[in-house]
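The opening residue of the sequence shown carries number 630 in this note's numbering; numbering runs sequentially from there.
Glycine included, every Cβ here is placed at the ideal spot set by N, Cα and C.
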Amino acid sequence: MMTIQNEMQMVTVGETALSVIEYKGSRVVTFAMVDQVHQRPEGTAKRNFHDNRPRFEENVDFAKISKDEFRTDLWESFGFSKFASSGILLTQTGYLMLVKSFTDDLAWQVQRELVNRYFQAAPTSTAHQLYLMAKANWEQEQRLSQIAELQHNQQQQLDALAQRQSDMDGDTGYMTALAYCRKESIPAPLAYAKQLGIKASEMCRNLAIRMGQVPDERWGSVNSYPIEILRECHQGMKGA
Numbered sequence: 630m631m632t633i634q635n636e637m638q639m640v641t642v643g644e645t646a647l648s649v650i651e652y653k654g655s656r657v658v659t660f661a662m663v664d665q666v667h668q669r670p671e672g673t674a675k676r677n678f679h680d681n682r683p684r685f686e687e688n689v690d691f692a693k694i695s696k697d698e699f700r701t702d703l704w705e706s707f708g709f710s711k712f713a714s715s716g717i718l719l720t721q722t723g724y725l726m727l728v729k730s731f732t733d734d735l736a737w738q739v740q741r742e743l744v745n746r747y748f749q750a751a752p753t754s755t756a757h758q759l760y761l762m763a764k765a766n767w768e769q770e771q772r773l774s775q776i777a778e779l780q781h782n783q784q785q786q787l788d789a790l791a792q793r794q795s796d797m798d799g800d801t802g803y804m805t806a807l808a809y810c811r812k813e814s815i816p817a818p819l820a821y822a823k824q825l826g827i828k829a830s831e832m833c834r835n836l837a838i839r840m841g842q843v844p845d846e847r848w849g850s851v852n853s854y855p856i857e858i859l860r861e862c863h864q865g866m867k868g869a
């Protein structure tokens, strides 16, 4: 009979925490778990399996289980339809066969982690289990710390670029869209500045108003616009 080894036992793979499922002494996964950990649309793993069904050997690559073998309160939480009387569980070989077509960077990382962390033998002692849980938590914290540091560095670069462009604009009455967004403390200034620049360019052309040019390390140069034009476009976008 299929059992959840321990309701508190979780394995972190990529950015996903998976509950461990064991069937006849071996760890297995559901289609929903594969979609979740690979960040694929719901139903992707199930479709790939049925498209290549003849290649999978029952009781080797997968097991077909009845609803009676599964805890009723967990059936739907693992992606099985409440109307289904049976479901498919993938073994390690079945999982690896299923994801052969997944070749993006995330897929390579997830496959390695799922094999090493999830399909490995269950801990032989409580101490070993606690060690693995602590290790998974530490690795997750490291990933989150790296993401936060990357976002901080990107924001610093963005602020420096906006300040440099603002300094170049001086008191001429012209500003770049990015410098204006920074001055007005607009959230997500880079994405918004792109749209603001498009609106300002269109208005300047329609009114035959001169646009300036500001040197830029990445793009060579970027347009600058009369502050009043930027302000009017900004107000129009807020009201849209």
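Nearest Cα to LEU859 within the set LEU807, ALA820, VAL843, SER648: LEU807.
In this structure, the alpha-carbon of ARG834 lies about 14 Å from that of LEU825. Contact between the stretch 771-782 and the stretch 645-653 is absent: fewer than three C-beta pairs spanning the two stretches fall below 8 Å. If you compare the alpha carbons of GLN786, CYS862, GLY802, TYR803 with that of GLU831, the shortest gap goes to CYS862. Only exposed fits ASN688, as fewer than 16 other CB atoms lie within 10 angstroms of its CB. ARG839 and GLN780 have their alpha carbons spaced roughly 36 Å apart. Following the DSSP letters along the chain, one finds ALA808 in no beta strand (DSSP E) but inside the alpha helix (DSSP H) bounded by residues 806-812.
Closest by C-alpha distance to THR645, out of ALA661, ASN677, VAL666, is VAL666. With a 10 Å radius around the Cβ and a threshold of 16 neighbouring Cβ atoms, ARG847 comes out exposed.
Note: LYS693 is bridge-paired with ILE717 in the DSSP secondary-structure output.
Within the stretch 813-849, the complete alpha helix (DSSP H) segments at least 4 residues long are 818-835, listed from N- to C-terminus. In the structure shown, SER774 falls within a helical segment according to DSSP collapsed to helix, strand and coil.
Here DSSP, grouped into helix, strand and coil, assigns SER853 to strand. Contact check for VAL658 against TYR724 passes: the beta carbons are separated by less than 9 Å. Taking a 10 Å sphere around the C-beta of SER715, we find fewer than 16 other C-beta atoms and assign the residue as exposed. In the displayed model, GLU651 falls within a strand according to three-state DSSP. Around the beta carbon of THR805, a 10 Å sphere encloses 16 or more other beta carbons of the protein chains shown; the residue is thus reported as buried. The shortest C-alpha to C-alpha distance from ASN745 to any of VAL851, GLY643, SER850, SER853 is the one to GLY643. Here GLU861 carries a helix assignment [DSSP, helix/strand/coil]. Rounded to the nearest whole angstrom, the C-alpha separation of LYS711 and LYS867 is 46 Å. With fewer than 16 other Cβ atoms from the protein chains shown falling within 10 Å of its own Cβ, ASP788 counts as exposed.
The Cβ-Cβ distance between LEU727 and ASN782 does not fall below 9 Å. In the DSSP annotation of this structure, THR732 is not part of any beta strand (DSSP E), being labelled neither H nor E. Burial of ILE717 is indicated by the presence of at least 16 other C-beta atoms within 10 angstroms of its C-beta.
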